[in-house]
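In my numbering, the protein residues as written are 129 to 283.
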């Protein structure tokens, strides 16, 4: 259920008692909640981050991966960041974070799926159009998205 967050305590109870639960997507945007969940769950489940603006710090806390819109809007940078982090190249991972954050800031809005599709379109990938009632990317949103992608070297 969107925007219904469960506490780390409840999530770990679910992990421990509900058969078939092998992971959790943590998207509350609160790094302390993510850190608590990672600590409490230990190796009993895979904890995926969906804190798009903070993927690098999420990985540093121990997130096992990510499920996030930014991965679709800027996949090459996200894969490069993941690879850099896991290679121990923290400077490159941080540099990529600094390229990804402006993209996230540009696409984040109530119509995030539409803005993600627009970012894909600008990079030559067809994501289709948003389905009603989701509004399309507005004229005011298009320039900041294009600019963020250009500044990140994606256009």
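Cβ atoms here follow ideal geometry from the backbone N, Cα and C, with glycine treated the same way.
Quick check on residue i: does DSSP put it in helix, strand or coil?
i, result
"residue 194", "strand"
"residue 219", "helix"
"residue 135", "coil"
"residue 257", "coil"
"residue 263", "coil"
"residue 149", "coil"
Which residue's Cα is closest to the Cα of residue i: the options?
i, options, result
"residue 239", "255, 170, 269", "269"
"residue 241", "221, 266, 222, 219", "266"
"residue 234", "275, 211, 261", "275"
"residue 143", "165, 159, 158, 215", "165"
"residue 223", "281, 264, 258, 257", "281"
Quickly, what does DSSP pair residue i with across the bridge? List them, please.
i, result
"residue 154", "177"
Please classify residue i as buried or exposed, where buried requires at least 16 neighbouring CB atoms within 10 angstroms.
i, result
"residue 135", "exposed"
"residue 209", "buried"
"residue 152", "buried"
"residue 154", "buried"
> Quick one: any contact between the stretch 224-241 and the stretch 180-200, if contact means 3 or more CB pairs under 8 Å?
Replying inline: yes
>> Can you confirm whether the stretch 183-203 touches the stretch 241-252 when touching is taken to mean that 3 or more C-beta pairs between the two stretches lie within less than 8 Å?
In response: yes
>> With a threshold of 8 Å, are at least 3 pairs of Cβ atoms found where one atom belongs to the stretch 144-151 and the other to the stretch 165-179?
In response: yes
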